[in-house]
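There are 2 protein chains.
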Amino acid sequence: MGQFKLHPQLAQDCEAVLDWPLCKLLLMNNAQVLWLILVPRVEGVEELHDLTRGQQHQLWQEVEMLGSYLSQTYAPHKLNLAAIGNKVRQLHMHLVVRQEDDACWPEPVWGNLTPSPYNEAEKMALVSRLRADLH
Amino acid sequence: MGQFKLHPQLAQDCEAVLDWPLCKLLLMNNAQVLWLILVPRVEGVEELHDLTRGQQHQLWQEVEMLGSYLSQTYAPHKLNLAAIGNKVRQLHMHLVVRQEDDACWPEPVWGNLTPSPYNEAEKMALVSRLRADLH
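If you read the protein sequences in the order shown, they are chains A and B.
Quick note on the working numbering: the first sequence kicks off at 852 and runs consecutively.
Quick note on the working numbering: the second sequence kicks off at 852 and runs consecutively.
What follows is the structure in structure tokens.
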């Protein structure tokens, strides 16, 4: 198994926030919802069971850590969690802050949001905040 | 917190398979994909962090156990995992066996599948198989 390389689609759609022990944390560049993605930095992994048990345990810890942070900071009406990967096979876990007045409530975000990138200043302010809070 | 009661929408849409230590395992009554749901049997829980750390750990164990079983038995092209809950707030975790020739590949199942219940014999045969394999 070679060195980890982020899937080009994720690299294109997202801004890198920081690296946790297992995962790379990404911000989806869509200003309509706060949408974060955890990608285990292990090459060739598509399904949960492709990770070792230790890595799975670490992934859940990072999911719980991020979920708690998002809940406390953004008080979502509902937090959405998913690993789908039908189009981008590299294992990645979505955590999406949903509010009742967001762009596609109550539908899931996948397939139901138009592209709507942050402006650069807004994006960098958000990334800085996330880095400060989650380092 | 009162006694656990399955959300009426889940009770209506699904067939109960069995109870694991934490979760009730349900079969979604849609014959187009094999779609299972784990519901922690804890009343009033909507988000992962509403569970104790011990319950969260147990949930991940049950998710991993079910995911491994589905992968080995059905060889999905991709396994989809999600906790959404925008409409049915009771915490429930979807595990969906996806194949490249299924009814809505590569879109997610949520919002993209028409109702298509199993016939009764087919459903009971599947539930029996799941019970035998997963008890």
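Note that the Cβ used here is the ideal one computed from N, Cα and C, for glycine as well.
Along the chain, where does the beta strand (DSSP E) containing A/P859 start, and where does it finish? Residue mapping note: residue 859 of chain A aligns to position 8 of the first sequence, counting from 1. It is not in any beta strand (DSSP E) - A/P859 instead sits in the alpha helix (DSSP H) that spans 859–864.
Just to confirm the assignment, what range does the beta strand (DSSP E) spanning A/K974 have? To locate residue 974 of chain A, count along the first sequence from 1; it is residue 123. Taken as a continuous stretch (DSSP letters only), A/K974 belongs to no beta strand (DSSP E), being part of the alpha helix (DSSP H) at 971–985.
According to DSSP, simplified to helix, strand and coil, what is A/H943? Walking along the first sequence from the start, residue 943 of chain A turns up at place 92. A/H943 falls in the coil class under three-state DSSP.
Measuring alpha carbon to alpha carbon, tell me which residue in A/Q860, A/V896, A/L910 is nearest A/D870. By one-based count along the first sequence, residue 870 of chain A stands at place 19. A/D870 has its Cα closest to that of A/L910, out of A/Q860, A/V896, A/L910.
By DSSP, does A/L902 sit in helix, in strand, or in coil? Position 51 of the first sequence, counted from the start, is the residue given in the question as residue 902 of chain A. A/L902 carries a coil assignment under DSSP once its states are collapsed to helix, strand and coil.
Could you pull the start and end residues of the beta strand (DSSP E) that A/P891 belongs to? Position 40 of the first sequence, counting from 1, holds the residue named residue 891 of chain A. Per DSSP, A/P891 belongs to the beta strand (DSSP E) from 885–891.
Alpha carbon to alpha carbon, how far is B/L946 from A/L977? Give it in angstroms, no decimals. By 1-based counting over the first sequence, the position of residue 977 of chain A is 126. By 1-based counting over the second sequence, the position of residue 946 of chain B is 95. Using only the alpha carbons, I get a separation of about 32 Å.
If I measure Cβ to Cβ from B/H986 and keep anything under 8 Å in the same chain, skipping five residues before and after, which residues do I get? The residue given as residue 986 of chain B occupies position 135 in the second sequence. Scanning its chain for C-beta atoms nearer than 8 Å, with the 5 sequence neighbours on each side dropped, one finds around B/H986 the residues L869, in chain order.
What is the DSSP secondary structure of A/V948, counted as helix, strand or coil? Translated into the one-based positions of the first sequence, residue 948 of chain A becomes position 97. Strand, per DSSP.
Kindly indicate which three-state DSSP category A/L910 falls into: helix, strand or coil? Stepping through the first sequence from its first residue, residue 910 of chain A is reached at position 59. In the structure shown, A/L910 adopts helical secondary structure according to DSSP, grouped into three states.
Is DSSP giving B/L877 helix, strand or coil here? Translated into the one-based positions of the second sequence, residue 877 of chain B becomes position 26. In this structure, B/L877 counts as strand in the three-state DSSP scheme.
Starting from B/L930, follow the beta strand (DSSP E) in both directions and report where the run begins and ends. Walking along the second sequence from the start, residue 930 of chain B turns up at place 79. Counted as a single uninterrupted DSSP element, the beta strand (DSSP E) harbouring B/L930 occupies residues 929–934.
Given a cut-off of 8 Å, decide if B/V893 and B/Q906 are closer than it, judged by their beta-carbon atoms. Within the second sequence, residue 906 of chain B is the residue found at index 55, counting from 1. Within the second sequence, residue 893 of chain B is the residue found at index 42, counting from 1. Remark: C-beta atoms of B/Q906 and B/V893 approach each other more closely than 8 Å.
Closest to B/P993 by CA distance: which of B/H908, B/E973, B/N970 is it? The structure shown does not extend to residue 993 of chain B, since chain B spans only 852 to 986, so no value can be given for it.
Throw me the rounded Cβ distance for the A/R839 and A/V884 pair, which I believe falls under 8 Å. There is no way to answer for residue 839 of chain A, as the model of chain A reaches only from 852 to 986.
Assuming A/E897 contacts A/L942 under a Cβ cut-off of 8 Å, what Cβ separation, rounded to an integer in Å, is found between them? Taking the first residue of the first sequence as position 1, residue 897 of chain A is located at position 46. Taking the first residue of the first sequence as position 1, residue 942 of chain A is located at position 91. Indeed they touch by this definition, with Cβ atoms about 6 Å apart.
Take A/Y925 and list the residues in its own chain whose beta-carbon comes closer than 7 Å to its own, dropping the five residues that flank it on each side. Along the first sequence, read from residue 1 onward, the residue named residue 925 of chain A stands at position 74. Same-chain partners within the cutoff: L885, V948.
Contact defined as beta carbons within less than 8 Å: I believe A/L861 pairs with A/I888. What is the distance between those atoms, to the nearest angstrom? Taking the first residue of the first sequence as position 1, residue 861 of chain A is located at position 10. Taking the first residue of the first sequence as position 1, residue 888 of chain A is located at position 37. Between A/I888 and A/L861 the Cβ distance is about 7 Å, and since that is below 8 Å, they are a contact.
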